[in-house]
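These notes are about the structure you will find just below.
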Amino acid sequence: MSTISSKLSKLLAAQIVDGTYPPGAKLEERVLAEKFDVSRTPIREALRELGSKGLVEVVPRRGVVVARIGVGELAKLLEADCELEALCARRAAECMTAMEKKELEFIFEQSAILSRDGDTEAYLANNRQFHNLILVGAHNDVLTGMVADLRERLAPFRQAQSQVDDRLQISHDDHAAIVQAILAGDCEGAYNATRSHHARLGNSVLRLIRSRQDVAA
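Residue numbering for the sequence shown follows our numbering, starting at 129 and increasing by one per position.
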């Protein structure tokens, strides 16, 4: 997929999740190409990518339309992500080197400043670094690949959390428990803190999606 197609896919995914394009809305290549001032090729590639994620579907005689998000299936994906991320944290508490732990501690300390300043964009970039360090620290390529795949599929839904009050501070507080456990080599503590963190995020996503579907209905 080209860079343009990837950007379009992410943008359209976010607009589908936030309700800009409600379930059943038709997505025409020509209209979208004119809207984003691109050729039909990247639009076609973006729609194909959205189809692989279950966000759009092809309906006979209508073409590509926005699919109704299956809350049940989404819940299963979030649960799988929750468990795998927690497992990575458990492994990280056991396997991280001293240098890796020091880097994790540094990134966490930086996040405290970003959270205090309310710098959402920088905090989210820091957040990605934080969680990626834990994946690397797990020292298990199979787990890393599985989590990366789930993160990609769930990315549009994770972005829906931007409306949650005190999002940055809550996230930072969750991270504090995770870091404390990993630095102490507390495998079960790291697992439980990470599982709780991702369970909270998952529940937040599900509540938002359900509420939007209720409004649309």
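Here a beta-carbon is modelled for each residue, glycine too, at the ideal position from N, C-alpha and C. Given the structure is predicted, the values throughout are model-derived calculations rather than measurements.
Three or more Cβ pairs drawn from the segment 172-179 and the segment 133-148 lie within less than 8 angstroms of each other, which places the two stretches in contact. When DSSP states are grouped into helix, strand and coil, Lys138 belongs to the helix group. The segment 201-217 makes no contact with the segment 163-170: fewer than 3 CB pairs, one atom from each, lie closer than 8 angstroms. For Val187, there is no enclosing alpha helix (DSSP H); the enclosing beta strand (DSSP E) covers residues Val184 to Val187. The secondary-structure analysis by DSSP pairs Lys154 across a beta bridge with Val193.
The beta carbon of Val193 sits closer than 6 angstroms to those of Gly152, Lys154 and Val187, all from its chain and outside the five residues before and after it, given in chain order. Taken in chain order, the whole alpha helix (DSSP H) runs of length 4 or more contained in the segment 214-273 are 226-245 and 248-265. Contact check between the segment 315-326 and the segment 264-271: fewer than three CB pairs, one atom from each, fall below 8 angstroms, which does not count as touching. The residue among Glu157, Val166, Leu205 and Glu185 with its C-alpha nearest the C-alpha of Phe285 is Leu205.
Residue state for Ser167 is assigned as coil, using DSSP reduced to three classes. In the structure shown, the three-state DSSP call for Asp294 is coil. Sixteen is the threshold: when 16 or more other Cβ atoms of the shown chains lie within 10 Å of the Cβ of Ser243, as they do, the residue is buried.
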